[in-house]
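The sequence shown maps to residues 1 to 150 in UniProt numbering.
Glycine included, each C-beta is placed from N, C-alpha and C at the ideal position.
This structure is a prediction, so every number in the text was calculated from the model and none was measured.
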Amino acid sequence: MRILMVCLGNICRSPLAQGILERKVAAQGLDWEIESAGTGSWHIGEQPDPRSVYTAGQHGLDISAQRARQFGRQDLKDFDLILAMDQSNYRDILRLAQSPAEAKKVKKILDYTSDENGGDVPDPYWDDDGFEKVYQMLDQACDALIEAHR
Ligand code: 4NP
């Protein structure tokens with residue numbers, strides 16, 4: 001299974017989601033491949049935001065080797081599951097889908113943990129204190145995701 005985590009910049013939320021899920025998948029010996037991308041182009045080639053690197057580090061996770069890239073049409077063909085961090089990412093991804101089969105691959109990551117399909121992972125870019133909360137939300141969602149698809 002190939003899973004792609006998607007946010008806006010690919011420097012704050014989706015790199016954390018990628019790192020968290022990669023570690024869980026490795027620990028459970030699952031043959032899943034995880035990547036991340038951003039719908040926007042501003043940060044292509046950059047390392048994750050230092051605040052995401054720091055927060056991951058607080059949990060013993062090193063995400064510093066990741067580099068940002070932009071989401072594209074081909075990703076809807078290459079991946080089995082495409083997980084948007086929020087409603088805006090979700091809409092931007094769906095706009096590029098070229099068939100119902102591609103559209104069906106797209107979900108919001110908090111669909112796995114929230115009762116309604118309304119959960120957004122808040123963008124912490126403008127909120128230094130938001131990163132740990134984002135980490136916790138993603139950690140729970142990744143546990144639920146593994147339970148749902150293993
Ligand atoms: P992310 O956060 O989508 O979680 O990576 C953001 C990073 C950068 C920007 C917005 C959100 N930006 O506008 O540059």
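For this session: Assign Ile82 to one of three DSSP states: helix, strand, or coil.
Result: Your numbering for residue 82 matches position 82 in the sequence shown. Strand, per DSSP.
Exercise. For Cys142, which residues from the same chain have a beta carbon less than 6 Å from its beta carbon, with the 5 sequence-adjacent residues on both sides left out?
Worked result: In the sequence shown, the residue the question calls residue 142 occupies position 142. Hits under 6 Å: Ile20, Leu21, Lys24.
Exercise. Residues in its own chain within less than 6 Å of Tyr125 by CB, not counting five upstream and five downstream?
Worked result: By one-based count along the sequence shown, residue 125 stands at place 125. Taken in chain order, the residues that qualify are Cys12.
For this session: With DSSP collapsed to three states, give me the class of Gly57.
Result: Residue 57 sits at position 57 when you count from the first residue of the sequence shown. When secondary structure is reduced to three states using DSSP, Gly57 falls in the helix class.
Exercise. Who pairs with Ile11 in a beta bridge, going by DSSP?
Worked result: Start at 1 with the first residue of the sequence shown, and residue 11 comes out as number 11. As computed with DSSP, Ile11 is found in no beta bridge at all.
Problem set entry | Ala141, enclosing beta strand (DSSP E) - first and last residue | Here residue 141 corresponds to residue number 141 of the sequence shown, with the count starting at 1. Premise fails: Ala141 lies in the alpha helix (DSSP H), 130 to 149, not in any beta strand (DSSP E).
Exercise. Hey, out of Ala27, Pro100, Gln28, Ser14, whose CA is closest to Gln47's CA?
Worked result: Residue 47 sits at position 47 when you count from the first residue of the sequence shown. Of all alpha-carbon atoms in Ala27, Pro100, Gln28, Ser14, the one lying nearest the alpha-carbon of Gln47 is that of Ser14.
Exercise. So what does DSSP say about Val121, is it helix, strand or coil?
Worked result: The count along the sequence shown starts at 1 and reaches residue 121 at position 121. Under the three-state reduction of DSSP, Val121 is assigned to coil, being neither helix nor strand.
For this session: For the beta strand (DSSP E) holding Ser36, just list the boundary residues, first then last.
Result: Along the sequence shown, one-based indexing puts residue 36 at 36. Note, Ser36: beta strand (DSSP E), 33 to 38.
Exercise. Within 10 angstroms of its Cβ, does Asp127 collect 16 or more other Cβ (buried), or is it exposed?
Worked result: As a first step, residue 127 must be located in the sequence shown, where it is residue number 127. With fewer than 16 Cβ atoms within 10 Å of its Cβ, Asp127 is classed as exposed.
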